[in-house]
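Below: the structure, in structure tokens.
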Amino acid sequence: MVAHFHPPKSLPADPLGQRLHEIFGRNLWDFIEAPASAPGQKPKWRTITDYPLRPRILWQRWQDLTTLIGVRFDGLTTYALIDIDAESPYCNVEAIAQ
Numbered sequence: 001m002v003a004h005f006h007p008p009k010s011l012p013a014d015p016l017g018q019r020l021h022e023i024f025g026r027n028l029w030d031f032i033e034a035p036a037s038a039p040g041q042k043p044k045w046r047t048i049t050d051y052p053l054r055p056r057i058l059w060q061r062w063q064d065l066t067t068l069i070g071v072r073f074d075g076l077t078t079y080a081l082i083d084i085d086a087e088s089p090y091c092n093v094e095a096i097a098q
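Using the numbering used here, you'd call the opening residue of the sequence shown number 1 and step up by one each time.
Quick look at the structure:
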């Protein structure tokens, strides 16, 4: 019988990159990416399912200002992300107090 050896995934050296992988690295076989678009323009997302996104590449692309990167959820998730823009009606003292 032949055992298959799968080496552990190399994590980023940066602790923030390791934390990013800890939060978002559960479903790296199904990720999305797009070139960063101009403000007001819709990104041209494409889904990648042919190969997994390696933890170090996730961290590199996360830091790359010319690339948008995202991962898809499985049937269950344990986190939420809220993005409130600076000019949003929700980004003011009154809205935050509510």
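Glycine included, C-beta positions come from ideal geometry on N, C-alpha and C.
Nearest candidate by alpha-carbon position, reference Ala-13, set Ala-36, Leu-58, Pro-39: The residue with the shortest Cα to Cα distance from Ala-13 is Leu-58.
Stretch-stretch touch, CB-based, cutoff 8 Å, three pairs: the stretch 26-37 with the stretch 48-67: Cβ pair count under 8 Å is three or more, so yes.
Residues near Phe-73 by beta carbon distance below 8 Å, same chain, minus five either side: Asn-27
For Pro-55, three-class secondary structure by DSSP: helix
Length at least 4, wholly inside the stretch 14-54: the alpha helix (DSSP H) runs in chain order: 15-24
Thr-67 - containing beta strand (DSSP E), residue span: 67-71
Supposed close pair Pro-43, Thr-67 - CB separation, criterion 8 Å: About 10 Å; that fails the 8 Å criterion.
Rounded distance between the beta-carbons of Cys-91 and Ile-82, thought under 8 Å: At roughly 11 Å, the Cβ-Cβ gap does not stay under 8 Å, so Ile-82 and Cys-91 are not in contact.
Helix, strand or coil at Glu-87 [DSSP, three-state]: Three-state result, Glu-87: coil.
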